[in-house]
Every structure is written in C-alpha cells, then in structure tokens.
Amino acid sequence: MGRPDLSVDIAGLRLANPLIAASGCFGYGVEYADLVDLAALGAVAVKGLFLEAREGHAPPRIVETPSGMLNAIGLQGIGVRTFVAEKLPELKARRAVVIVNICGSTVEEYAEVARILSDADGVAAIEINISCPNIDEGGHTFGCSLTGVHDVVRAVRAATTLPIFPKLTPNVTDVAAIAVAAEEAGADAVSLVNTFLAMAIDVETRRPRLSNVVGGLSGPAIRPIAVRMVYECRAAVRIPIIGMGGIASARDVLEFLIAGADAVQVGTANFEDPGIWPKLLAGVTDYLERHGHAAVGEVVGTVDLSARETAWISS
Amino acid sequence: MASPVDVDARIAANHRLSDAYNILEIEAPAIARQTRPGQFVMVKRALGREPLLRRPFSVFEILRNARGAVTGLSLLSKQVGAVTRDIFLAEPGERIRCLGPLGTPFSVVGPPAHAWMVAGGVGLAPFATLAEALHASGVDTTLFYGGRSSEDLYRVPLFERLGVRVVLTTEDGTRGEAGRVTAPLQRELATAGDRPVMVYACGPTPMMRAVAGLAAGADRPVQVSLEPVMGCGLGGCYSCVVRILDGGARFVRACLEGPVFEGNRVSWADLT
Ligand SMILES: Cc1cc2nc3c(=O)[nH]c(=O)nc-3n(C[C@H](O)[C@H](O)[C@H](O)COP(=O)(O)O)c2cc1C
Chain A
446 MGRPDLSVDI AGLRLANPLI AASGCFGYGV EYADLVDLAA LGAVAVKGLF LEAREGHAPP
506 RIVETPSGML NAIGLQGIGV RTFVAEKLPE LKARRAVVIV NICGSTVEEY AEVARILSDA
566 DGVAAIEINI SCPNIDEGGH TFGCSLTGVH DVVRAVRAAT TLPIFPKLTP NVTDVAAIAV
626 AAEEAGADAV SLVNTFLAMA IDVETRRPRL SNVVGGLSGP AIRPIAVRMV YECRAAVRIP
686 IIGMGGIASA RDVLEFLIAG ADAVQVGTAN FEDPGIWPKL LAGVTDYLER HGHAAVGEVV
746 GTVDLSARET AWISS
Chain B
500 MASPVDVDAR IAANHRLSDA YNILEIEAPA IARQTRPGQF VMVKRALGRE PLLRRPFSVF
560 EILRNARGAV TGLSLLSKQV GAVTRDIFLA EPGERIRCLG PLGTPFSVVG PPAHAWMVAG
620 GVGLAPFATL AEALHASGVD TTLFYGGRSS EDLYRVPLFE RLGVRVVLTT EDGTRGEAGR
680 VTAPLQRELA TAGDRPVMVY ACGPTPMMRA VAGLAAGADR PVQVSLEPVM GCGLGGCYSC
740 VVRILDGGAR FVRACLEGPV FEGNRVSWAD LT
C-alpha cells in the first residue's frame, strides 16, 4: 500500500493536509516563514482583520492557566487593505493557502472586508470571526444569537464568491443550533471553537490578571468541550467542519477528525512548539497506516457509539 | 537577519549562585553563534510539560572551548515562577528546549562614545555579551550594578576582566554604595560634561523608567531592554506589546521590534 492520502476537500477548497494554523496564533503567517514551511501546511488562517487598523487592548494581554492560557489581545491589526498590500504577496510567494479571518463592528463592515478580499489575489477562503469573546463591539454579539449569525453570514455570502467559514463561539447554550443558522445563511463550512470567555485574578493584589478583566481560554484545557461541540455540530449540519481547541498532538488531531471535523486548526500549541506541524503530520500518517486507511477522510466522523453497551453498564 | 532555531539542548552545567539565582550553561552552538548582544531565547524544560508557554531569557554568556570555538550559551536566572524553578533545579546532562536567537539587539556604540550599562539584579543578563562587544571595539565602559542586597550581585569579575569599571550599589548597604543604582548614575551624569555617553539599562520597570528619565534629563541617548510577558517570541500572538510614542502612540511587539528600545520611544506611563 502507498502512503495514505492526507489531502482534504473543504467545500471545494483542496488542502494538502487537514492542518491549519489557527487565527491569531500565527500572526499574518509571514512571521513564521523562516521557521515553518508555509506551503507544507494545509492552510494558514491569518490574524483577524477589520476594515481599519486597530490598536487592541493594553497589556497584560495573556496569562497562563492550568493546561491553557487566557488572551485578550483585542484584535490588534493592520486593517484589511494594508494586509492585502503588504502581507498577502509574501504569503503567495511562499505558496501558503491563505484563509483570512475577518471581523466587523457592523454587518456592513463584514461585507466590505469580504469584498476587498474577493478582489485581492491569493485569498483561498474567508473565515468569519463572529466569536471573539474579548471585544465589546463586534463579533461575539453576532455569534451568540441565531439572527446575528444569520445576518452576518448572509451579508458576507452576498459580498463574495470565495468559500466562507463562519467561526463559532462556544459561549452559547446550543452551538449546533448556531451551526445550523450559519449553514442556512449560506456558509460553506463552519470553524469551531473560538475561545471560552474566562477570568483569572491575582489573589494577592485582587486584581484581574488581564487588563481587559476577562479573556478567552484556549489550549488543552478546553479540548474535551471542543470535541463535544464538534460532535454535536456534525450531527446537525451537512457542511464541512473545521475543528479546533487544545490540539497539541496527532492523537488530538485524530480525536477531532473522529468526532466529525474534516480539518483542524492548531493555535496555542504552536506557541509552545513552532516545530509541531511535521510531527502532527507524521503522527496522523502513522495512525492511518496502522488502521489501514488509504485517505484521511476515511476517519472523519467515525466515532463508534456501539461500544457503549459494555458489560459493566448492562449489569 | 539570523534565523532562529529550536534545539533540544544538553545542559552542560548549572551554577547555583544562591537559593534564588543560577547560571545555566546549555549546549546550543547553533543559537550561540548567531546571537548578538541583547537578543533572547524562548525556553522551557521539555515539550508537553506544564507550564505550556516558554519564557524569554536574555542570552547571558556565549560559551567557548579552550580553542575559542563557540560551544553554547548561558542564562542568568532568578527563581520567580515555575519555569525559573525548573531552570534552577535542572541537572547537567538533562535537556532543555531553547529557541533563538530572537529580537532586535542593542546597537553597540564605538569610540569616542562611552558606554554606561545600568543593571538591576537579574537585569545584568544582557550585559555580558554587550560588554564583550564594547570591549572588542575599544569602548570605555562602566557598569552600574544594583540590587537589594549582596545576594543580588554576581559575576562582577567577568566584567572587570573585560576592562569594565564597575560601580556597585545595594539598598541594604551590604555591598558597594548604600542606596539605589540610580544615585551614582545621576551623580556621574551631572559631571560628565560634554562626553558622548550611551546609556544601556535593564532591570525592574521602575528602575528602567528612572534611568530613562535621568538620561533624557542629561541629554544622553538610552537603550532599554524591556521584559514584557511573552507568548511565543516570534510575533505570532501579539501579547508582548509595548506602547511606543513615535508614529502616533501605537503598540509594537517587543519580541520583534524589541526587547531593546530607545528609551525616548517608550510610553513609560503605559508600562506596568
Ligand atoms: C492569542 C490568541 C489570539 C487569537 N486571535 C484570534 C483571532 O484573531 N480570530 C479568531 O477567530 N480566533 C482567534 N483566536 C482563537 C484561536 O484561533 C482558536 O480558536 C482558539 O485558540 C482555540 O484553539 P487552540 O486551543 O489550539 O489555541 C486567538 C487565540 C489566541 C490564543
């Protein structure tokens, strides 16, 4: 048997493998170009972009917590036009598949950013950030209501023919209902999860550890919840799912794929180990070979529920 | 530009200087050969181990063997948290993850300028490599080195061997002049006449803020090595930002544009 086929198809977008650098955890991609072969990644999701440049929150912007970290970066960014002019050409030269994560304070802003990206050369897809938990005016508010999700996705759908992937927040009661709203509004796939709204306090000073008081929790601490959410969405929508949340090993990648993700993103683990990408790929390849799979897609959504009836439960 | 490398490096030696301070020597020649004064590395004991994130450390010394070939680098560390505790407890023969060199180095002056390095405690770290570079270009160099007590001052002979004049201070008076390191600096700035002096500072934020103020008051340029909380060291996370006053106030990443900044660019009021 030859080497297993690692490529995946996300709504017509062919990726060489299912590993995507998560938005906000990989700068604009170019920062990592000397250390990571960008062309060897399935894709790079760049840092969230508004129409205009944004300053972001005052430091401290991160704090480490058990098996994870909180962040409240506040979506500091250079604005979509500067990105197109200054970063996109280098990403293209490095043969990166570029997914642009977009933000907006209004539905119109999302649509405008999407239009600008549609006219640019070298954008493979748009990830719609309706889920950043630590800024007041955008994203999260839309992402927490069915009508908000619907309105943003509809507007972006009308503005572009690029594949669009709304990125869902886990800070809701029923994430699958949100995924359905996104699908009905014209999403080509959904990305999930963004970070969990959280807080950490320095007990000596009694001050919050982040200047923004609250921030988003990422890293291995959130993985089981994220896996559960991918599993729930897989049962609810037909469109592909890009899963993430705490992935730090090939085993974790496979857990998301088995739960129903077609591809995955890796964020926080890349901070610890920017050399993680080839290790993840090697581990996934080894698993596929051991289990006799010819292609990575054969694993997707294969969680085996029949084994629930074990002897100790029935006795 | 040097390109950073991530190595699983062998620990060659661990010199425990007190209950808090140690110097860890690690075999990372591929990093050490490229390192310029003021650059840093991102370090943790082992991948997959808590705490998750690496911590930034200035490169302290470039290590060489008897023939002068670069064999590795050392870190000067003071125990303050989980990673510095790991670094304190590490044993020779064990391994450590080390990514670097990273960041923008000091700009090294040449004669006739004099170099005045101002260090507070573990803020001594970036000055050994700087002193070497200054020595190599024949710059008249002074080190103002302060701590709470004599338990905060180490490796003075290393600087003296490089021809550096060393001025020591301790707040409790157990070594050198009693008081803060800014006191002798202020005196000497007042009597420096029109000698060209480049001031370099590294230490606790209040100390660097005071040094930057004194240098500005005496019309001398100053470079500070800041130590904000860092997530990745590579520009990926935007957590280590420092507010800069030029080009309209804006946040820049200390891991790329720093950790060394010209003191008059830094918005000191915003530094926590
Ligand atoms: C420092 C940081 C910045 C982030 N910025 C963004 C962003 O700009 N847009 C976005 O959609 N998600 C952002 N995220 C969320 C991640 O893309 C990802 O959804 C989340 O961290 C969970 O994955 P992980 O546990 O692998 O990090 C950010 C996460 C972190 C840690």
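Just so you know, the sequences run in chain order A and B. If you want this note's numbering, it's the 1-based position in the first sequence plus 445. If you want this note's numbering, it's the 1-based position in the second sequence plus 499. Each residue gets a CB set at the ideal place from its N, CA and C atoms; glycine is no exception.
**Prompt:** Do you know how far the Cα of G602/B is from the Cα of G734/B?
**Reply:** 10 Å
**Request:** Report the three-state DSSP secondary structure of D769/B (helix, strand or coil).
**Result:** helix
**Prompt:** Got a sec: does ligand 1 put a non-hydrogen atom nearer than 7 Å to the Cβ of V711/A?
**Reply:** yes
**Nearest neighbour of Y676/A, chosen from P608/A, L637/A and S656/A [CA to CA]** = L637/A
**Request:** Indicate whether G737/A and G705/A have their beta-carbon atoms separated by less than 8 Å.
**Result:** no
**Message:** Tell me the DSSP secondary structure of A570/A in three-state form.
**Reply:** strand
**Message:** Quick check: is any heavy atom of ligand 1 less than 7 Å from the C-beta of A708/A?
**Reply:** no
**Message:** Please tell me whether S724/B has its Cβ less than 8 Å away from any Cβ of chain A.
**Reply:** no
**Message:** In the DSSP output, which residue or residues are listed as bridge partners for N564/B?
**Reply:** Note: N564/B sits in no beta bridge, so no partner.
**Cβ separation of I703/A and V744/A, assumed to be a contact under 8 Å, to the nearest whole Å** = 6 Å
**Item:** Cβ neighbour criterion (16 or more within 10 Å) applied to A625/B
**Value:** For the record, residue 625/B in the displayed sequence is Pro; it is not Ala. By the neighbour-count rule (16 or more Cβ atoms within 10 Å), P625/B is buried.
**Item:** Touch test, the region 649–661 of chain A against the region 684–698 of chain A, Cβ-Cβ under 8 Å, three pairs minimum
**Value:** no
**Item:** ligand 1 heavy atom lying under 7 Å from the CB of V638/A
**Value:** yes
**Asked** When you compare only the Cα positions, how much space is there between C678/A and A618/B?
**Response** 56 Å
**Item:** Contact set for L755/B: own chain, Cβ-Cβ below 6 Å, skip 5 residues either direction
**Value:** G734
**Asked** Hey, Y737/B and Y520/B: beta-carbon distance below 8 Å or not?
**Response** no
**Message:** For G513/A, tell me which candidate among F716/A, K724/A, I455/A and L725/A has the shortest Cα-Cα distance.
**Reply:** F716/A
**Proximity test, Cβ basis, 8 Å: S557/B and chain A** = no
**Request:** Report yes if the CB atom of V698/A is closer than 8 Å to the CB atom of L662/A, and no otherwise.
**Result:** no
**Request:** Over the uninterrupted beta strand (DSSP E) stretch that includes R506/A, give me the two end residues.
**Result:** Neither: R506/A is in no beta strand (DSSP E) and is coded neither H nor E.
**Item:** Residue closest to A689/B, alpha-carbon to alpha-carbon, out of R719/B, R660/B and P703/B
**Value:** R719/B
**Prompt:** Where does the unbroken alpha helix (DSSP H) through Q685/B begin, and where does it stop?
**Reply:** T681 to A689
**Request:** Could you tell me whether the Cβ of D718/A comes closer than 8 Å to any Cβ of chain B?
**Result:** yes
**Message:** Our contact map puts L486/A next to L464/A with C-beta atoms below 8 Å; I'd like the distance itself, whole angstroms only.
**Reply:** 6 Å
**Item:** Interface residues of the region 707–740 of chain B facing chain A [CB-CB below 7 Å]
**Value:** P727, V728, G730, C731, L733, G734, G735, C736, Y737, S738 and V740
**Prompt:** For E670/B versus R660/B, is the C-beta spacing smaller than 8 Å?
**Reply:** no
**Prompt:** Is there a Cβ from chain B that is less than 8 Å from the Cβ of N715/A?
**Reply:** yes
**Message:** Quick check on E676/B: does DSSP put it in helix, strand or coil?
**Reply:** strand
**Message:** Determine whether the beta carbon atoms of A627/A and R602/A lie at a separation below 8 Å.
**Reply:** no
**Prompt:** Can you tell me whether DSSP reads A717/B as helix, strand or coil?
**Reply:** coil
**Request:** Please specify which runs of the beta strand (DSSP E), each continuous and at least 3 residues long, are wholly inside the region 649–690 of chain A, giving them in chain order.
**Result:** 659–663 and 686–689
**Asked** Comparing the CB of L520/A with every heavy atom of ligand 1, is any distance shorter than 7 Å?
**Response** yes
**Message:** Since E526/B and G599/B should fall inside the 8 Å C-beta cutoff, what is the C-beta to C-beta distance between them, to a whole number of angstroms?
**Reply:** Wrong, their Cβ atoms sit about 14 Å apart, outside the cutoff.
**Message:** Following a CB-centred definition, is C470/A positioned closer than 7 Å to any heavy atom of ligand 1?
**Reply:** yes
**Message:** Could you check whether the Cβ of A485/A sits closer than 8 Å to any Cβ belonging to chain B?
**Reply:** no
**Asked** Closest by CA to L552/B, which one among A570/A, G720/A, I721/A and A714/A?
**Response** A714/A
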